[in-house]
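Visitor: In this text, residue positions in the sequence shown follow this note's numbering: the first is 582, and each later residue adds one.
Don't be surprised by glycine CBs; every beta carbon is placed ideally from N, CA and C.
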Amino acid sequence: NITEPELFYGKGYATMELGWFIGMSHNMSVETRACYSISEGEDWSYSNYETCICRYGNYLEQDYRSCWCNSGYTGNPFLSSGCTDIDECEEAKAEGRNRCGKGEDCVNIQGNLICKPIRNKTLAIILGLSLG
Numbered sequence: 582n583i584t585e586p587e588l589f590y591g592k593g594y595a596t597m598e599l600g601w602f603i604g605m606s607h608n609m610s611v612e613t614r615a616c617y618s619i620s621e622g623e624d625w626s627y628s629n630y631e632t633c634i635c636r637y638g639n640y641l642e643q644d645y646r647s648c649w650c651n652s653g654y655t656g657n658p659f660l661s662s663g664c665t666d667i668d669e670c671e672e673a674k675a676e677g678r679n680r681c682g683k684g685e686d687c688v689n690i691q692g693n694l695i696c697k698p699i700r701n702k703t704l705a706i707i708l709g710l711s712l713g
């Protein structure tokens, strides 16, 4: 239990995450097919294509459900279609950064990005003109 989290970081700021869950004793339409479900203690692995993940478990004889948006997604996992893809390429561009190496284009895909080599159009045009 931390009463002064700012003491953990010299500049007076600390990153914190609020953890909470929905009790399942009154199952008020919390069932959703949008999230990938795992059971407490289950060895879970999932792909970037899963927009959100929900863990079901039992704590102090209370059934619960805890959900979160997968890496590469943002939003509210407790809403239908609540987690949406983050465009990592556009975010980086807005910050003046390039997520890929020199000579590569950043291409957003669901939950991630890929870097594709930039095709040299000048070389193709010169070859086409010289051969044609």
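Rounded to whole angstroms, what's the CA-CA distance from residue 675 to residue 688? Just pull it up for me.
Guide: 15 Å
Visitor: Consult DSSP for residue 685 and reduce its assignment to one of helix, strand or coil.
Guide: Note: residue 685 maps to strand in three-state DSSP.
Visitor: State the CB to CB distance for the pair residue 648 and residue 659, rounded to an integer number of angstroms; the pair is presumed to be in contact (CB under 8 Å).
Guide: 6 Å
Visitor: Residue 670 lies in the beta strand (DSSP E); which residues open and close that run?
Guide: For residue 670, there is no enclosing beta strand (DSSP E); the enclosing alpha helix (DSSP H) has its first and last residue at 669-675.
Visitor: Identify the residues that DSSP records as bridge partners of residue 663: which are they?
Guide: According to DSSP, residue 663 bridges with nothing at all.
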